[in-house]
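**Q** Pasting in a structure now, in C-alpha cells, and then I'll have a few things to ask.
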Amino acid sequence: MAQLQKKTLKDMDIHGKKVIARVDFNVPLDMESGAITDDSRIGATVPTIKYLLDQKAKLILVSHLGRPKGFDAKFSLAPAAVRLGEILGQEVILAADVIGEDAKVKAAALKEGEILMLENVRY
0 MAQLQKKTLK
10 DMDIHGKKVI
20 ARVDFNVPLD
30 MESGAITDDS
40 RIGATVPTIK
50 YLLDQKAKLI
60 LVSHLGRPKG
70 FDAKFSLAPA
80 AVRLGEILGQ
90 EVILAADVIG
100 EDAKVKAAAL
110 KEGEILMLEN
120 VRY
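Numbering-wise (numbering that gives the first Met the number 0), the sequence shown opens with residue 0 and increments by one.
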C-alpha cells in the first residue's frame, strides 16, 4: 500500500491568501463579568496564528462558545478576540455575524497580516 504524505501548512503557499482556520476558543467564562477564566485554549493557537501572520495570510478565525439556543450576547466571542489581540499585540477584528453582510464586508477588506474573527458559529 502506498503511504499518504500528510501535508502541513509549511507545504502550502499561503502568502497573501485568505486562510480560514477553525480554532477552539470555547473558553470558560465568569458568567457574571464575562471575563475569561482560563485562556489556555487561546494560547494553544498562538504558534499557528503567528506562522500564518508571518506568511502574510489574511486570517479568518472560526469558533464556537458554549451551547446558545440562538443569539445570546453572553456567548459572544468578543472577549476571546480581545484576549487574542492582547497576546499577539495586534487588533483582532470581530464580525457581528458568520455569513451575513458584516462578515462579508470585513472579510473583503482584510489586508495581509490582519485577523478577522467571525462571531460564534452556534448563533
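Beta carbons are placed, not taken as given, at the ideal position from N, Cα and C, and that holds for glycine.
Being a predicted model, the structure only gives us computed values, none of them experimental.
1. If you follow the alpha helix (DSSP H) that V104 is in, where does it begin and where does it stop?
2. Need the endpoints of the beta strand (DSSP E) that K17 sits in, please.
3. Three-state secondary structure (DSSP) at I13?
4. I114 bridges to which residues according to DSSP?
5. How is L3 classed by DSSP in three states: helix, strand or coil?
6. CA-CA distance, N119 and G15?
7. Is M30 closer than 8 Å to K73 when the C-beta atoms are compared?
8. Distance, Cα to Cα, K145 vs H63?
9. Between which two residues does the alpha helix (DSSP H) harbouring S75 extend?
**A** If we stick to the structure as given:
1. The residue given as residue 104 occupies position 105 in the sequence shown. Per DSSP, V104 belongs to the alpha helix (DSSP H) from 100-108.
2. Your numbering for residue 17 matches position 18 in the sequence shown. Where K17 is concerned, the enclosing beta strand (DSSP E) stretches over 17-21.
3. Translated into the one-based positions of the sequence shown, residue 13 becomes position 14. Correct three-state label for I13: coil.
4. Within the sequence shown, numbered from 1, the residue matching residue 114 stands at position 115. Paired residue(s): L58, V91.
5. In the sequence shown, counting from the first residue as 1, residue 3 sits at position 4. Coil.
6. Numbered from its first residue, the sequence shown carries residue 119 at position 120. Numbered from its first residue, the sequence shown carries residue 15 at position 16. Roughly 25 Å between the two C-alpha positions.
7. Position 74 of the sequence shown, counted from the start, is the residue given in the question as residue 73. Position 31 of the sequence shown, counted from the start, is the residue given in the question as residue 30. For K73 and M30, yes; Cβs fall inside 8 Å.
8. Any question about residue 145 goes unanswered here, given that the chain covers just 0 to 122.
9. Translated into the one-based positions of the sequence shown, residue 75 becomes position 76. Per DSSP, S75 belongs to no alpha helix (DSSP H) and is neither H nor E.
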